[in-house]
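Just below is one structure, and these are the notes that go with it.
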């Protein structure tokens with residue numbers, strides 16, 4: 001004790017330097033104001049609740065991957081400073097500052113869907129409307145029977161990325177469509193419409209309707225080789241700018257673009273769902289120098305994939321891996337893969353291979369989301385809340401300071417100084433956490449900080465009352481300051497431990513904005529301890545050396561009349577029962 | 579203010595004493611009555627759960643100044659009534675604070691909620707709208723988590739108290755006081771119809787911390803005062819009562835200082851914002867803090883004394899203290915110290931020398947009541963070798979003799 005109290009001035013100086021250093025550090029990074037929560041700056045907060053369709057547990061990895069996917073969806077909307085985070089074990093919180101973002105809700109909540117589809121046509125996305133022959137071609141047809149499989153070598157593709165020729169499809173489509181009379185006469189690819197008149201009024205052609213994801217692989221391949229005209233027409237009209245508006249329905253053909261929006265695709269209904277993918281990884285195979293992505297299909301998909309690859313091998317025809325309506329990758333097939341283990345090679349870097357593998361692995365999370373909470377805060381109201389919070393803080397702080405100055409007089413200086421030091425450290429901590437850990441200051445957070453003012457001041461009161469108790473038992477001021485400290489320390493530690501416990505429990509169990517309150521309360525409590533031990537105590541010890549305090553001046557707060565004794569250092573009146 | 583300090587000093591010395599422990603049945607019955615009212619209130623008037631718990635949509639509509647009135651409320655109410663959406667046809671619309679109107683409906687879909695927002699905006703004089711849309715299942719999850727948090731906290735608190743006091747009776751008394759605060763706070767919410775939101779639950783949990791803190795301070799002092807009970811003629815109850823009185827000033831001060839910022843929050847939350855997290859938090863804190871300060875003084879300590887008085891050791895100690903007091907009442911001079919010829923010098927039996935023990939506490943050694951016949955020296959006070967005493971004619975009584983310095987140490 002003696003060693004500690006010997007140099008209170010030095011402790012104070014060191015402490016002061018530490019605080020200045022904190023602010024210098026923050027200033028170097030140019031951080032002066034904390035990030036505000038949505039309730040203080042306005043915006044939309046969406047909470048998603050995940051559940052599995054299969055009944056298995058929602059694992060943290062799945063949730064995190066889903067959050068990543070949602071993040072990219074929100075970012076695709078072009079909202080600045082949006083934040084997506086996981087909360088608890090099944091919630092994802094999307095925070096979008098700014099106004100009018102309710103339309104995002106539906107985008108955000110859809111399940112992440114990874115599917116394998118066949119590419120019927122692919123073109124660079126040109127902004128000029130492509131002169132398409134098809135609109136005029138099939139005016140009457142209602143999209144049902146538009147094509148005879150092999151005649152419709154579709155894709156009048158200017159890109160020359162033509163779908164592979166009929167040899168793949170030869171086996172199946174021929175036989176089921178014997179009456180595809182026009183087939184012998186292979187029309188020039190651009191001349192799509194011609195076959196139709198004959199096909200449409202003709203007998204029902206089993207293959208000429210648009211297949212669904214329930215259709216056989218053969219049907220899908222057939223369609224991919226020769227899409228119906230309606231789809232083609234749509235494809236011609238389609239530009240990547242409209243990509244967001246396309247519903248990703250597994251049972252229907254899909255118009256999609258790649259990530260960069262440079263190539264557009266006409267895709268078949270889903271042939272394999274992402275859920276049928278057991279695993280995906282990336283790495284460099286032996287005897288190779290380039291990264292590849294390894295796929296591992298489950299039992300049913302192995303067969304399908306085998307059929308597809310057998311059909312596509314040797315052609316320039318692609319299949320596409322589509323996540324949320326965006327083509328992640330559209331590889332061609334080098335060799336048939338019948339064991340369910342595929343390798344995608346290409347110009348991968350380590351990170352792009354890893355990223356594709358991750359998307360494949362988690363992209364088809366069997367998670368569905370409900371949206372239990374959507375809260376939208378108007379910017380004006382948010383500003384009101386911020387002002388109200390600051391006002392409450394100012395009033396609360398002022399009241400505490402006035403009370404302490406009035407009751408403790410000279411010692412009130414200690415309270416004022418300690419509270420301001422605590423405030424400075426708290427603000428620095430909030431800035432620091434906001435800068436490094438993405439902590440945002442919310443209204444409950446401000447409330448927590450305000451409530452903590454009371455807790456912090458309580459520590460000082462416990463200490464001061466202890467000093468007075470010691471003086472009442474006949475100690476001089478300087479002795480009482482030390483003796484009182486020993487007792488007050490224990491009480492204060494116990495009290496702060498309880499508050500900290502409450503804060504931690506709240507933080508762990510609370511959902512939503514209340515977390516901010518618990519967090520603020522917790523850091524304030526810790527800071528209270530730091531200030532109490534490293535600032536308040538040395539300061540009181542230091543002040544006790546001044547005659548103003550040690551002789552019990554009238555305004556020192558330690559005057560005999562104030563404490564209720566005859567004179568400082570007088571022994572307790574004899575004969576009082578204890 | 580120094581008057582208050584003098585009161586504090588009087589309380590500290592025991593000159594002024596409020597009988598907290600002795601009148602325990604009065605406090606018990608007051609508390610029992612309040613708790614009974616609270617429980618009855620809870621039974622007949624269920625808690626007004628906020629939309630966070632039951633699901634629904636809440637709009638906070640900031641109006642242009644001067645338009646927060648019944649006319650606007652009716653306008654919004656009518657607008658929603660004519661919306662054609664069933665769940666929104668019976669809205670609860672009321673003014674909240676100085677500047678806003680609050681609208682609550684049953685759960686809606688996102689599109690419906692957006693439609694209602696437009697309707698409200700069209701009703702006129704609207705400056706800004708905030709909305710919060712909560713699904714019905716979400717509330718159950720929130721409620722479950724809140725309840726779980728409460729239970730975990732209580733269990734941890736019991737362990738903490740047990741570890742801190744190392745005495746199950748203190749733990750039980752503290753927990754009873756906590757439960758008392760909890761029931762009263764919940765009862766106040768049930769009876770007053772204040773809305774219960776997650777912020778309220780947070781406030782209640784924080785309050786439990788405060789209440790416990792008060793109890794810890796009081797019990798600390800009780801423990802200190804009863805440590806050397808055998809040396810005084812106080813009963814356990816009296817020592818505990820003195821402890822409560824001694825910590826009274828501190829309890830009042832800490833409560834006031836803790837309540838000041840909460841009061842500011844409550845004021846701002848109610849007057850400026852009308853509703854929301856600030857008000858809910860501050861209200862729960864305010865109600866609970868009052869109950870917490872009351873219970874640690876009026877419930878926890880008397881209960882502790884009752885529990886302790888059943889212990890054989892404490893009972894024997896109390897009996898001894900009372901016997902001693904009875905003896906003193908019969909003969910006032912029983913304990914007047916007796917001077918004897920060979921008493922050590924300076925050992926005035928009427929003065930209790932204080933010894934600063936190493937942990938900073940002041941231990942009063944009362945030699946008058948310490949065992950052993952008077953006149954026998956204890957170790958450290960006098961050397962074992964008694965110096966020779968010879969008669970002195972001038973002093974009139976025996977004086978120790980001492981050799982001159984030059985002759986000392988030579989035989």
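Protein chains in written order, with my numbering: chain A, 1 to 578; chain B, 579 to 989. For each residue, glycine too, the CB sits at the ideal point set by N, CA and C. Note that the structure is a prediction, hence the values are computed from the model and not measured.
Between the alpha carbons of residue i and residue j, how many angstroms are there, rounded?
i, j, result
"residue 892 (chain B)", "residue 598 (chain B)", "19 Å"
"residue 738 (chain B)", "residue 492 (chain A)", "15 Å"
"residue 762 (chain B)", "residue 477 (chain A)", "43 Å"
"residue 881 (chain B)", "residue 495 (chain A)", "21 Å"
"residue 426 (chain A)", "residue 7 (chain A)", "26 Å"
"residue 331 (chain A)", "residue 61 (chain A)", "28 Å"
"residue 984 (chain B)", "residue 975 (chain B)", "27 Å"
"residue 428 (chain A)", "residue 451 (chain A)", "18 Å"
"residue 94 (chain A)", "residue 522 (chain A)", "25 Å"
"residue 871 (chain B)", "residue 697 (chain B)", "48 Å"
"residue 551 (chain A)", "residue 823 (chain B)", "28 Å"
"residue 235 (chain A)", "residue 265 (chain A)", "8 Å"
"residue 116 (chain A)", "residue 65 (chain A)", "19 Å"
"residue 12 (chain A)", "residue 474 (chain A)", "29 Å"
"residue 47 (chain A)", "residue 635 (chain B)", "14 Å"
"residue 688 (chain B)", "residue 640 (chain B)", "21 Å"
"residue 895 (chain B)", "residue 807 (chain B)", "8 Å"
"residue 548 (chain A)", "residue 462 (chain A)", "22 Å"
"residue 314 (chain A)", "residue 323 (chain A)", "26 Å"
At which residues does the beta strand (DSSP E) containing residue i begin and terminate?
i, result
"residue 116 (chain A)", "114-124"
"residue 580 (chain A)", "Shown here, chain A extends from 1 to 578; a query on residue 580 (chain A) therefore has no answer."
"residue 335 (chain A)", "No beta strand (DSSP E) holds residue 335 (chain A); DSSP gives it neither H nor E."
"residue 283 (chain A)", "277-283"
"residue 96 (chain A)", "91-97"
"residue 634 (chain B)", "634-641"
"residue 806 (chain B)", "Per DSSP, residue 806 (chain B) belongs to no beta strand (DSSP E) and is neither H nor E."
When we look at the beta-carbon of residue i and count the other beta-carbons within 10 Å, is it buried (16 or more) or exposed?
i, result
"residue 372 (chain A)", "buried"
"residue 828 (chain B)", "buried"
"residue 652 (chain B)", "exposed"
"residue 335 (chain A)", "exposed"
"residue 180 (chain A)", "A caution first: residue 180 (chain A) carries a pLDDT of 35, below 50, which makes its placement in the model too unreliable to give a value."
"residue 664 (chain B)", "exposed"
Return the first residue and the last residue of the alpha helix (DSSP H) that residue i is part of.
i, result
"residue 525 (chain A)", "514-531"
"residue 379 (chain A)", "379-408"
"residue 291 (chain A)", "That residue, residue 291 (chain A), is in no alpha helix (DSSP H); it is neither H nor E in DSSP."
"residue 52 (chain A)", "Looking at the DSSP string, residue 52 (chain A) is not in any alpha helix (DSSP H); the run it does join, the beta strand (DSSP E), is 43-52."
"residue 470 (chain A)", "443-472"
For a cutoff of 8 Å on Cβ pairs, would you count residue i as touching chain B?
i, result
"residue 478 (chain A)", "no"
"residue 541 (chain A)", "no"
"residue 25 (chain A)", "no"
"residue 34 (chain A)", "no"
"residue 533 (chain A)", "no"
"residue 392 (chain A)", "yes"
Can you check DSSP and say which residues form a bridge with residue i?
i, result
"residue 537 (chain A)", "Partner(s): none; residue 537 (chain A) has no beta bridge."
"residue 270 (chain A)", "A:117"
Give a yes or no on whether the minimum CB-CB distance between residue i and chain A is below 8 Å.
i, result
"residue 638 (chain B)", "yes"
"residue 626 (chain B)", "no"
"residue 767 (chain B)", "no"
"residue 707 (chain B)", "yes"
"residue 889 (chain B)", "no"
"residue 711 (chain B)", "yes"
"residue 831 (chain B)", "yes"
"residue 599 (chain B)", "no"
"residue 716 (chain B)", "yes"
"residue 731 (chain B)", "yes"
Below 7 Å, is the gap between the Cβ of residue i and the nearest heavy atom of the ligand HEM?
i, result
"residue 553 (chain A)", "Ligands displayed in this structure: none; no statement on the ligand HEM is therefore possible."
Applying a beta-carbon distance threshold of less than 8 Å, which residues of chain C neighbour residue i?
i, result
"residue 538 (chain A)", "Structure shown: chain C not included; protein chains present are A and B."
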